[in-house]
Amino acid sequence: MKKDTLIFVADDDRIILTAITRYLHKKGFTNIKSFTNKQDSLLSLVQEQPQLCIIDYLLGEENGWELCKEIQHIVPTATMVLLSGQDDVRLTFQFIREGLRHYIAKDETMFDTLDEILQQLCFYNTHN
1 MKKDTLIFVA DDDRIILTAI TRYLHKKGFT NIKSFTNKQD SLLSLVQEQP QLCIIDYLLG
61 EENGWELCKE IQHIVPTATM VLLSGQDDVR LTFQFIREGL RHYIAKDETM FDTLDEILQQ
121 LCFYNTHN
């Protein structure tokens, strides 16, 4: 994964959205688009195709997992990362059964987990 890779970040919590965006900038990523709702994310897909999407599960009144699936349908090569503050193991297993590969809990390990995912993606994309 290159540092100019287009990354979409969607979270209705502006504090989390800003924190993740700043973290990605700190890691050297330069092409980050932030959204607070599903509609803006989908509208942006008309013009741009992200390689990485970091989406909150509860995106306001909307379902971020459904947004992930819609993005995946439009951009099948995009990597999806689902964020969630939900402490429900059954929900996590449901996402995995439905094909999710990357999940981040909104807790004190959030940035460590994001860093591990970024490292995996960078390694995979430079060695394959």
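Counting with UniProt numbering, you get residues 1 to 128 for the letters of the sequence shown.
Even for Gly, the Cβ is constructed at its ideal location relative to N, Cα and C.
Checklist line | First through last residue of the alpha helix (DSSP H) which encompasses Thr79 | finding: Here residue 79 refers to the residue found at position 79 when the sequence shown is read from its first residue. Thr79 -> not in any alpha helix (DSSP H); beta strand (DSSP E) instead, spanning 79-84.
Item checked: Beta-bridge partners of residue 140, as assigned by DSSP -> Any answer about residue 140 is impossible in this case: the structure gives the chain only from 1 up to 128.
Next item on the list: Report the residue from Lys33, Gly99, Val81 whose alpha carbon sits nearest the alpha carbon of Asp115.
Entry: For the purposes of this step, residue 115 is taken as residue 115 along the sequence shown, with counting starting at 1. Out of Lys33, Gly99, Val81, Val81 has the C-alpha closest to the C-alpha of Asp115.
Check: When we look at the beta-carbon of Gly28 and count the other beta-carbons within 10 Å, is it buried (16 or more) or exposed?
Finding: The residue given as residue 28 occupies position 28 in the sequence shown. Flag for Gly28 reads exposed.
Next item on the list: Reducing DSSP to helix, strand and coil, say where Leu6 ends up.
Entry: Indexing the sequence shown from 1 puts residue 6 at position 6. Residue state, collapsed to three classes: strand.
Next item on the list: Determine the burial state of Leu43: buried for a count of at least 16 other Cβ atoms within 10 Å of its Cβ, exposed for fewer.
Entry: Your numbering for residue 43 matches position 43 in the sequence shown. Exposed, because fewer than 16 other Cβ atoms sit within 10 Å of the Cβ of Leu43.
Check: Okay, do the segment 31-48 and the segment 5-19 touch, 3+ Cβ pairs below 8 Å being the bar?
Finding: yes
Checklist line | For Leu100, the three-state DSSP class (helix, strand or coil) | finding: Looking up residue 100 in the sequence shown gives position 100. In the structure shown, Leu100 sits in coil (DSSP, three-state: anything other than H, G, I, E or B).
Next item on the list: Decide if the segment 14-33 is in contact with the segment 58-70; the criterion is three or more beta carbon pairs, one per stretch, under 8 Å apart.
Entry: no
Note to self: Considering just the uninterrupted stretch of the beta strand (DSSP E) at Lys33, what are its terminal residues?
What the structure shows: Here residue 33 refers to the residue found at position 33 of the sequence shown. 31-35 is the extent of the beta strand (DSSP E) around Lys33.
Check: Could you check where the alpha helix (DSSP H) with Lys26 kicks off and where it finishes?
Finding: In the sequence shown, the residue the question calls residue 26 occupies position 26. Where Lys26 is concerned, the enclosing alpha helix (DSSP H) stretches over 14-26.
Notebook entry, point to check: Would Phe35 be called buried (16 or more neighbouring beta carbons within 10 Å of its own) or exposed?
Noted result: In the sequence shown, the residue the question calls residue 35 occupies position 35. Phe35 should be labelled buried.
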